[in-house]
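Protein chains in written order, with the UniProt record's numbering: chain A, 1 to 143; chain B, 1 to 303; chain C, 1 to 202; chain D, 1 to 320. Here the structure comes first, spelled out in structure tokens, and everything after it is commentary.
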Amino acid sequence: MSFSNIFLRPFHTSKECYHIIKMSRLRVVDNSEIGRRAMAEGKPPKCIHVYNKKGVGTIGDKVLVAILGEKKKGILVGVKKHQPPRVPKFDTNNIVLIDDTGTPLGNRIHVPIPVMLRTILKEKTFAKGVDYTKILAIASRFV
Amino acid sequence: MFSNLYRQCLVEKHFVYNLFPLCKWSQCFASSQPELATESTIQAFEEPEKRSIKLEQRFIYPEFLPDPKIEWRNSIRERLERQDMLKRRSQIEIPEFYVGTIMAVTSFTPHSTSKKNRFLGICIQRKGCGLRATFVLRNIIDNLGTEVAYHLYDPTIEKIEVIRLEKRLDDELFYLRDALPEYSTFPLDMEPVILPDNTPIPVNTTQVILKPRPWVGRWERTDFKGINREHMMTLISDKMKMQIAKHQKPWEKYDLMKQYRATIPEEEQKEIFAEVYSQLHQLELGKKKSKRIRTFVKPKKSA
Amino acid sequence: MNQADLSKLVSKLRINIRPRHYNLKNPKGPEGRLERLRIVVTGLIKHERIQLNYRVADEARGYAERLISEAIRYGDCHAPTMEIADYWLTEKQLIHKLFKVLVPRFHECNMSYTKLLRLSTDHELTRMQGVLELRGNPYPPLIKDLSRNRNLLHNVLLDAARKDYRHEQYLRIAQGMSSEGKKSNEETITGNIEDKDKNEKA
Amino acid sequence: MKYIRNYRKSFQLVIFCRQASYSSVSVVRNQNEIFDNELARQTSDIGRIEKITVNVHEKIKNETFSMNKHLSTPFNVAQHISKWMVEKSALALVDNSKVWDMHKPLEDDCSLRFLSFTDEDPHHVNKAFWRTCSFVLGAVIQNAFNDSIKVLLHSFPSPQITSGSFVHDAMVSLDDWKPSSDELRCLSADMLKLSLKELPIERLTVKEQLAQEIFAENKFKLQQIPDISKNSGGKVTLYRVGSHIDISKGPMISNTSLIGRCSVTSVHSIETDNGKLYRFQGIALPKGLLLNHFAYKILEDRSTKLNTKDYGSTKKQAMV
Numbered sequence: 001m002s003f004s005n006i007f008l009r010p011f012h013t014s015k016e017c018y019h020i021i022k023m024s025r026l027r028v029v030d031n032s033e034i035g036r037r038a039m040a041e042g043k044p045p046k047c048i049h050v051y052n053k054k055g056v057g058t059i060g061d062k063v064l065v066a067i068l069g070e071k072k073k074g075i076l077v078g079v080k081k082h083q084p085p086r087v088p089k090f091d092t093n094n095i096v097l098i099d100d101t102g103t104p105l106g107n108r109i110h111v112p113i114p115v116m117l118r119t120i121l122k123e124k125t126f127a128k129g130v131d132y133t134k135i136l137a138i139a140s141r142f143v
Numbered sequence: 001m002f003s004n005l006y007r008q009c010l011v012e013k014h015f016v017y018n019l020f021p022l023c024k025w026s027q028c029f030a031s032s033q034p035e036l037a038t039e040s041t042i043q044a045f046e047e048p049e050k051r052s053i054k055l056e057q058r059f060i061y062p063e064f065l066p067d068p069k070i071e072w073r074n075s076i077r078e079r080l081e082r083q084d085m086l087k088r089r090s091q092i093e094i095p096e097f098y099v100g101t102i103m104a105v106t107s108f109t110p111h112s113t114s115k116k117n118r119f120l121g122i123c124i125q126r127k128g129c130g131l132r133a134t135f136v137l138r139n140i141i142d143n144l145g146t147e148v149a150y151h152l153y154d155p156t157i158e159k160i161e162v163i164r165l166e167k168r169l170d171d172e173l174f175y176l177r178d179a180l181p182e183y184s185t186f187p188l189d190m191e192p193v194i195l196p197d198n199t200p201i202p203v204n205t206t207q208v209i210l211k212p213r214p215w216v217g218r219w220e221r222t223d224f225k226g227i228n229r230e231h232m233m234t235l236i237s238d239k240m241k242m243q244i245a246k247h248q249k250p251w252e253k254y255d256l257m258k259q260y261r262a263t264i265p266e267e268e269q270k271e272i273f274a275e276v277y278s279q280l281h282q283l284e285l286g287k288k289k290s291k292r293i294r295t296f297v298k299p300k301k302s303a
Numbered sequence: 001m002n003q004a005d006l007s008k009l010v011s012k013l014r015i016n017i018r019p020r021h022y023n024l025k026n027p028k029g030p031e032g033r034l035e036r037l038r039i040v041v042t043g044l045i046k047h048e049r050i051q052l053n054y055r056v057a058d059e060a061r062g063y064a065e066r067l068i069s070e071a072i073r074y075g076d077c078h079a080p081t082m083e084i085a086d087y088w089l090t091e092k093q094l095i096h097k098l099f100k101v102l103v104p105r106f107h108e109c110n111m112s113y114t115k116l117l118r119l120s121t122d123h124e125l126t127r128m129q130g131v132l133e134l135r136g137n138p139y140p141p142l143i144k145d146l147s148r149n150r151n152l153l154h155n156v157l158l159d160a161a162r163k164d165y166r167h168e169q170y171l172r173i174a175q176g177m178s179s180e181g182k183k184s185n186e187e188t189i190t191g192n193i194e195d196k197d198k199n200e201k202a
Numbered sequence: 001m002k003y004i005r006n007y008r009k010s011f012q013l014v015i016f017c018r019q020a021s022y023s024s025v026s027v028v029r030n031q032n033e034i035f036d037n038e039l040a041r042q043t044s045d046i047g048r049i050e051k052i053t054v055n056v057h058e059k060i061k062n063e064t065f066s067m068n069k070h071l072s073t074p075f076n077v078a079q080h081i082s083k084w085m086v087e088k089s090a091l092a093l094v095d096n097s098k099v100w101d102m103h104k105p106l107e108d109d110c111s112l113r114f115l116s117f118t119d120e121d122p123h124h125v126n127k128a129f130w131r132t133c134s135f136v137l138g139a140v141i142q143n144a145f146n147d148s149i150k151v152l153l154h155s156f157p158s159p160q161i162t163s164g165s166f167v168h169d170a171m172v173s174l175d176d177w178k179p180s181s182d183e184l185r186c187l188s189a190d191m192l193k194l195s196l197k198e199l200p201i202e203r204l205t206v207k208e209q210l211a212q213e214i215f216a217e218n219k220f221k222l223q224q225i226p227d228i229s230k231n232s233g234g235k236v237t238l239y240r241v242g243s244h245i246d247i248s249k250g251p252m253i254s255n256t257s258l259i260g261r262c263s264v265t266s267v268h269s270i271e272t273d274n275g276k277l278y279r280f281q282g283i284a285l286p287k288g289l290l291l292n293h294f295a296y297k298i299l300e301d302r303s304t305k306l307n308t309k310d311y312g313s314t315k316k317q318a319m320v
């Protein structure tokens with residue numbers, strides 16, 4: 001097989017482009033100071049770790065991001081990749097920044113977030129552990 | 001439900017076997033060809049008046065046609081699925097809709113306190129057949145593009161409303177993802193537009209203007225009629241323009257077998273719609289009745 | 001998951017369709033494949049019986065069947081059909097033959113329009129050959145029809161069995177009629193039956 | 001069930017390799033010896049070999065062969081043409097009038113046509129096929145039973161296809177024997193094995209005296225031979241398949257491989273002038289003709305009925 005034929009192989013790359021893996025660019029959707037500044041400056045946060053066993057993030061997963069030279073944690077509240085029926089799919093990969101205790105850095109989320117995030121975040125929350133459900137309190141709209 | 005249907009099929013099969021001894025002499029002499037038999041049965045129930053009505057139904061109920069992939073065909077499974085689909089249709093009203101129609105779906109969800117979730121958007125794709133038929137709705141909510149896919153026969157769906165019944169120029173509208181946001185923004189509290197009876201389905205001939213690249217698809221290589229081509233050409237580089245011709249496949253127009261393998265032949269379509277005709281007709285009658293009641297009430301209120 | 005293509009209605013073909021097309025390799029790709037098949041389809045319409053590689057024949061058969069069924073379906077006044085015929089038939093007088101000769105020939109046909117036969121090959125090295133022909137061609141038939149010949153042994157046996165069966169049925173009917181009649185007129189009819197039975201045995 | 005020899009291991013036993021009692025083996029060996037010697041004698045009697053011209057008329061082309069008088073058979077001619085011709089032809093037609101066995105030497109210059117089961121009018125071939133089936137059934141009966149049971153073949157009537165079954169009558173030293181379906185299946189299997197062996201069916205015409213010598217052990221045949229020889233000028237025609245020899249007028253098909261589907265369907269006991277006999281009935285189809293199982297079942301069912309051909313008049317049966 002000649003070298004040029006390799007580029008004619010029929011495999012798709014677009015699915016993988018939508019995956020949230022290390023070095024993926026994300027969009028901060030809350031009104032935290034650092035998040036707003038990063039988005040305004042055109043320096044969106046970069047995912048540097050996904051806290052799950054697959055390494056590919058999806059709705060409700062915790063990610064570690066590099067934002068304006070700082071390390072922050074965030075929760076994915078909406079993703080671009082293909083979703084099963086009745087789960088909304090968004091045009092951007094959205095995160096809400098949180099601190100180590102699970103408290104969001106901002107006090108308002110200005111995009112819709114999926115309803116099933118309620119159940120997912122409640123399941124991830126343990127007594128005396130990190131409380132993620134505070135994010136739900138600052139959400140403006142569910143779809 | 002499933003077991004009942006299956007039994008019914010078995011009974012019918014049994015009936016066929018009972019007929020067998022009657023025609024045993026004709027079977028013995030192995031001269032008649034099997035094609036002849038099927039042909040005659042197809043022609044038996046063909047009536048000139050019903051013919052056109054039945055074939056128009058394929059646009060309204062495309063999911064009643066089976067998957068054209070030959071390996072996946074199974075007549076008993078297809079039939080059972082059709083029965084199940086009709087049963088589901090008798091439970092909730094699944095309206096006539098097309099790609100480009102603005103619809104709202106209310107579905108049950110265990111995640112929220114009200115246990116209900118309503119999503120409104122434009123249908124950008126209709127895919128799949130049988131019980132696995134799906135459609136995708138798209139809307140821009142709070143400046144964020146949102147898409148939700150639904151199974152048409154999902155039992156958790158409570159209500160499907162058609163807000164504005166119309167068609168677009170294309171069979172799928174994924175280019176709306178790269179179009180300017182106003183083309184897929186619809187207020188969530190949109191009022192339904194009721195078309196008068198017996199009007200043809202209006203075709204929306206808008207040609208969308210795309211956002212600058214990057215895009216999710218190579219729209220310049222496709223021939224979607226709903227994209228404003230002149231504007232699109234200003235957005236792409238010269239190299240991309242040169243590559244358009246390279247990716248054209250003009251011979252596919254003449255590939256008769258490819259077309260044949262992608263579709264269900266007319267005779268089979270007739271057979272299928274003849275099978276479900278009476279039940280679908282009754283459902284439509286019931287729908288009309290309820291519509292009349294609704295339209296009768298409304299002018300009173302406004303007056 | 002696919003949905004059937006709704007834009008075009010096609011007539012059902014009366015041949016077995018393979019789920020996927022044969023991989024007829026061609027340096028020009030799919031376009032070259034169609035061009036090769038085009039030569040075969042043109043040859044088939046022209047000569048009505050051709051011998052060639054079996055796989056190519058099987059592939060071309062579907063296209064020939066579709067071409068004829070489109071021609072029957074839409075006739076010669078339909079522009080898209082004319083365009084397709086123009087593509088598939090490289091010799092232009094054959095378009096005339098398709099619409100004026102083949103369409104009337106196959107208009108009432110309930111079977112496939114073509115026939116494909118496998119040829120036996122002597123050498124293992126030769127590719128499998130096939131004969132592709134249009135039905136109703138002027139050449140002598142390639143295979144004998146054994147079912148029509150009533151003199152063949154199995155047909156003789158079946159005919160005799162049928163005769164026997166009918167004979168039994170008649171006897172049964174006759175007996176049934178006579179037993180009904182028995183109630184009214186017992187003596188005379190029983191006598192008749194016995195006579196009849198004797199006749200049958202004789 | 002207990003009477004049929006290879007019931008217990010019906011798929012292992014080959015009927016012609018049986019370990020029979022010494023007497024029956026010696027009888028068969030003796031018969032074959034006489035047959036072989038006579039065949040060798042007749043061949044050596046020919047003397048100087050003369051050539052004859054044989055014109056073969058086939059659909060595609062006519063061919064001419066130079067063959068040996070009293071030595072070459074239509075089978076040899078077919079061998080010159082093609083293997084396919086050898087396999088498919090069952091009989092030959094000499095000079096457009098005489099039906100000729102494939103293994104019967106040609107006697108003079110002649111024109112030749114080969115007959116097969118798929119001809120336009122295969123009347124002669126069908127008849128020969130039916131006759132051969134009766135003859136082969138005899139071979140099956142002769143070898144199927146245990147040694148303790150004495151079997152004497154009587155005869156088989158001339159073929160009548162419309163009667164629905166071919167027939168062979170035999171005396172079996174059993175009282176009121178009604179074969180079970182398994183026993184019938186064993187008989188059918190034996191017949192099928194014979195067809196799979198692809199045995200040629202040889203033909204030999206001998207004098208009355210020699211025939212009596214061959215069938216010295218069979219009282220029925222001894223009775224029949226004088227009548228037969230009287231009608232055919234002091235000669236008796238013998239046929240042999242494997243090691244089984246029987247009297248028949250002929251003609252017969254060339255090889256048992258031409259028998260396709262076959263089954264022995266029923267055995268009836270009949271009363272005749274010669275005492276109590278058993279009438280074995282069966283049905284068979286030539287190899288090229290295919291029939292669906294349903295239709296074949298109808299034919300099988302029909303063939304279980306008692307075939308009344310030449311029933312009761314056993315003397316006529318000898319005229320086969």
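The beta carbon of each residue, even a glycine, is placed where N, CA and C say it ideally should be. As the structure is a prediction and not an experimental result, all values here were calculated from the model.
Handout entry: Range covered by the alpha helix (DSSP H) that runs through Tyr54(C)
Key = Tyr54 to Tyr74
Handout entry: Any C-beta of chain B under 8 Å from that of Asn149(C)
Key = no
Practice task
Report back the beta-carbon spacing between His168(D) and Ser134(D) to the nearest angstrom; my notes put them in contact at under 8 Å.
Solution key: 5 Å
Practice task
Determine whether the Cβ of His110(A) lies closer than 8 Å to any Cβ atom of chain E.
Solution key: Absence of chain E from the displayed structure is noted, the protein chains being A, B, C and D.
Exercise for the section: Could you name the residues of chain C that Asn126(D) contacts, counting a contact when the two beta carbons are closer than 9 Å? Expected result: Asn151, Leu152, Leu153 and Val156
Handout entry: chain C contact for Leu55(B) (CB, 8 Å cutoff)
Key = yes
Handout entry: Arg126(B) in three-state terms, based on DSSP
Key = strand
Exercise for the section: In angstroms with no decimal places, state the Cα-to-Cα distance between Lys178(D) and Arg302(D). Expected result: 18 Å
Problem - Beta bridge counterpart(s) of Glu63(D) as assigned by DSSP - result: Val56(D)
Handout entry: Proximal chain B residues relative to Val143(A), where beta-carbon distance stays under 7 Å
Key = Phe119, Ile141 and Thr146
Handout entry: Residue burial classification, Glu220(B) (beta-carbon count within 10 angstroms, cutoff 16)
Key = buried
Exercise for the section: Would you tell me roughly how many angstroms separate the C-alpha atoms of Asp238(B) and Lys25(C), rounded to the nearest one? Expected result: 33 Å
Handout entry: Burial state of Phe126(A) (16 or more Cβ within 10 Å)
Key = exposed
Practice task
Please name the residue, chosen from Met23(A), Lys71(A), Ile120(A) and Asp91(A), that lies closest to Asp61(A) on a Cα-to-Cα basis.
Solution key: Ile120(A)
Practice task
Evaluate the contact criterion for the segment 140-160 of chain B versus the segment 65-79 of chain B: three or more CB pairs, one atom per stretch, below 8 Å.
Solution key: no
Problem - Cutoff 8 Å: Thr58(A) Cβ touching any chain B Cβ - result: no
Practice task
Could you run through the segment 262-277 of chain B and flag, in chain order, every residue whose CB is less than 9 Å away from some CB of chain C?
Solution key: Ala262, Thr263, Ile264, Pro265, Glu266, Glu267, Glu268 and Gln269
Practice task
Note down, in chain order, each residue of its chain lying with its Cβ closer than 6 Å to the Cβ of His268(D), except the 5 sequence neighbours on either side.
Solution key: Arg279 and Leu306
Practice task
Could you work out which residues of chain B lie near Thr92(A), taking near to mean beta carbons separated by less than 9 Å?
Solution key: Leu144 and Gly145
Problem - Partner residues on chain C for Asp175(D), Cβ-Cβ distance less than 9 Å - result: Result: empty, since nearest Cβ-Cβ is about 28 Å, beyond 9 Å.
Practice task
Please decide whether Ala71(C) counts as near chain D, where near means a Cβ-Cβ distance under 8 Å.
Solution key: no
Handout entry: First through last residue of the alpha helix (DSSP H) which encompasses Gln212(D)
Key = Glu208 to Ile214
Practice task
With a 10 Å radius around its C-beta and 16 neighbouring C-beta atoms as the bar for buried, classify Ser140(A) as buried or exposed.
Solution key: exposed
Exercise for the section: Could you check if Ser7(C) is buried or exposed, using at least 16 other CB atoms within 10 Å of its CB as the buried criterion? Expected result: exposed
Handout entry: Enclosing beta strand (DSSP E) for Gly74(A) [first to last residue]
Key = Glu70 to Gly78
Exercise for the section: Return yes when the Cβ of Ala90(D) is within less than 8 Å of the Cβ of Phe117(D), no when it is not. Expected result: yes
Handout entry: Which residues DSSP lists as bridging residue 321(D), in chain order
Key = There is simply no residue 321(D) to check, as chain D begins at 1 and stops at 320 in what is shown.
Problem - C-beta atoms of Ala104(B) and Leu120(B) nearer than 8 Å - result: yes
Problem - Three-state class that DSSP yields for Arg302(D) in the structure shown - result: helix
Handout entry: Counted within 10 angstroms of its Cβ, other Cβ atoms place Thr133(A) as buried (16 or more) or exposed
Key = exposed
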